[in-house]
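Residue 213 in the working numbering is what sits at position 213 of the sequence shown, and the numbering runs on without skipping anything.
Glycine included, each C-beta is placed from N, C-alpha and C at the ideal position.
Only a predicted model underlies this, so the values are computations on that prediction, with no experimental measurement involved.
Contents: one structure, followed by commentary.
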Amino acid sequence: MANSQNIQQWHVSEPYLETHCSLGEGPYHEPATNTLRFVDIKKKQLHSVSLTEGPSSLKTLQFEESVTVTADIEGRDPQETVVVGAKQGLAVLDRKTGRYEYVSKFGEEKGERIRSNDGVVDPNGRFWLGTMTDFGLGAFQPEGSLYCFALGTPATRFRAGLTIPNSIGFSPDGRTMYFTHSTAREVLAWDYDAAAGGSLSNERVFYRHDGPGEPDGFRVDTTGNLWHAVYGESRVLQISPAGELIGQVNIPTRNATCCELVGGGELVITTAADDEGEGESKRLGGAVFRVAVGAEGAKRFAFRLTILFFEKREPPRGSLVERSDFWPLMGRSLGPFPLSGKRSRRRWPRRGVERAGRFENRGTGVACDEQHKEHCFGSPGLDLAPPVMIRDDRGDLMMTPSGSFFNHWHVSRAAVGCEAL
1 MANSQNIQQW HVSEPYLETH CSLGEGPYHE PATNTLRFVD IKKKQLHSVS LTEGPSSLKT
61 LQFEESVTVT ADIEGRDPQE TVVVGAKQGL AVLDRKTGRY EYVSKFGEEK GERIRSNDGV
121 VDPNGRFWLG TMTDFGLGAF QPEGSLYCFA LGTPATRFRA GLTIPNSIGF SPDGRTMYFT
181 HSTAREVLAW DYDAAAGGSL SNERVFYRHD GPGEPDGFRV DTTGNLWHAV YGESRVLQIS
241 PAGELIGQVN IPTRNATCCE LVGGGELVIT TAADDEGEGE SKRLGGAVFR VAVGAEGAKR
301 FAFRLTILFF EKREPPRGSL VERSDFWPLM GRSLGPFPLS GKRSRRRWPR RGVERAGRFE
361 NRGTGVACDE QHKEHCFGSP GLDLAPPVMI RDDRGDLMMT PSGSFFNHWH VSRAAVGCEA
421 L
């Protein structure tokens, strides 16, 4: 480790935002609007601020469960919709309503003990997300994992037995993946092959921290340097592509958590509360800092939500997935419509028994009033996209209805003999 006397240093004395976060994390710059968003994991909040308008533009969303990290979705306006790491897995957040829906869950055996932590989207559009012991359960245990959420497949556990899996990032050329395991005080590196679907090889220790604090979150700049926050040391390190310490940013509070390069050569730093500290460190714990360092952030990648793995919320009754005859109908209304000259009858797609004046579900005998027109409807909330492709239980690609996730759709028993999902 280089002597701090021989490296470039920057000093910050005043905060940009006095947010008093319990655990500020995950800063993410939105260049199109020059907006910064970041989370407070413990307070279960998502903050956003216009860097053009200043601190007075700060807005906050409050959640019932923690959101720990965010990323853009390919083809979507991040001011409206982002993907987030949440308590149980990966979810899509509607920023206007503050509601989110899970795309895929971790499937941990100790699900109640686990929450998500940091994560990032890789050059292939996959989301890497770590898990760790949740708050209020004593000391953090080596029960965390690192997952990869890829297109068309369920979440894949890449590594288990982790205590605090933290930031993930990529070199500017996309050929190296970095990962910080905070409690091991190590930043690991792999060769990353985008052409081979994002395969990893040649694992090695890129940087080993020998200070009293723990490396937390980092951001890679366009020259390949890592700007790495160190929790407990009041600083952010600048680490060269060779793994050498070449600079540091000093802040007036102890618990730096993560950072983001926001354009114009500026670095934004999030922090956590320092309840056991004194003076300025305690007063400014949880604030956000901003400093000119003359570096620009490497390219961020957006999550590809075009193909989703079909995950059932519960064992289906009369599963749509088992009925290939149903899929061609997914692009159009499933409601009944009159037959010419037969006011008391309705034509129904494929399933059920048609009788004068009523429709009766085959197998259950449940009658459906012919005036009822909402047998298939999109639930309110996320209006995500045109029809998207998902995979059924056999691995075949199928189209969902326009404007909604498939697992937002509910088909009445009267219409098709089951409740989807």
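- Shown here, residue 283 sits in a helix according to DSSP, grouped into three states.
- Scanning its chain for C-beta atoms nearer than 8 Å, with the 5 sequence neighbours on each side dropped, one finds around residue 214 the residues 164, 182, 183, 185, 230, 231, 232, in chain order.
- The Cβ-Cβ distance between residue 102 and residue 85 does not fall below 8 Å.
- Contact fails between the segment 254-262 and the segment 192-211, because fewer than three Cβ pairs, one in each stretch, are under 8 Å apart.
- With respect to the C-alpha of residue 246, the residue from 303, 226, 50, 144 having the closest C-alpha is 226.
- Closest in alpha carbon position to residue 65, among 236, 220, 46, 59, is 46.
- Distance from residue 161 to residue 142 at the Cβ level is roughly 5 Å; contact confirmed, criterion being Cβ atoms closer than 8 Å.
- In terms of Cβ geometry, residue 71 and residue 218 do not form a close pair [threshold 8 Å].
- Annotated three-state conformation of residue 169 is strand, per DSSP.
- Closest by C-alpha distance to residue 169, out of 270, 157, 241, 137, is 241.
- About 30 Å separates the CB atoms of residue 155 and residue 221; that is not less than 8 Å, and the two are not in contact.
- Cβ contact annotation for residue 43 (same chain, cutoff 6 Å, sequence separation greater than five): 22, in chain order.
- Going by C-alpha positions, residue 87 is about 12 Å away from residue 107.
- Cα atoms of residue 238 and residue 188: separation of roughly 16 Å, rounded to the nearest angstrom.
- Counting only the Cα atoms, residue 62 lies some 7 Å from residue 98.
- With a cutoff of 8 Å on beta-carbon distance, residue 49 and residue 35 are scored as near each other.
- DSSP places residue 32 in the coil class of the three-state scheme, outside both helix and strand.
- Excluding five sequence positions before and after residue 57, the CB atoms of its chain that fall closer than 6 Å to its own CB belong to 49, 50, given in chain order.
- In the structure shown, the three-state DSSP call for residue 56 is helix.
- When DSSP reads this structure, residue 250 sits in a beta bridge with 11, 235.
- Excluding residues up to 5 positions away in sequence, 171, 172, 241 lie with their Cβ nearer than 7 Å to the Cβ of residue 224 in the same chain.
- If you check the CB distance, residue 176 and residue 167 do not come in under 8 Å.
- Setting aside the 5 residues that flank it on each side, residue 146 is surrounded in the same chain by 130, 158, 159, 165, each with a C-beta closer than 6 Å to its C-beta; the list follows chain order.
- DSSP places residue 107 outside both helix and strand once states are collapsed to three, so it counts as coil.
- Following the DSSP letters along the chain, one finds residue 156 inside the beta strand (DSSP E) bounded by residues 156-162.
- Residues of the same chain with a CB within less than 6 Å of the CB of residue 105, apart from the 5 flanking positions on each side, are 88, 89 in chain order.
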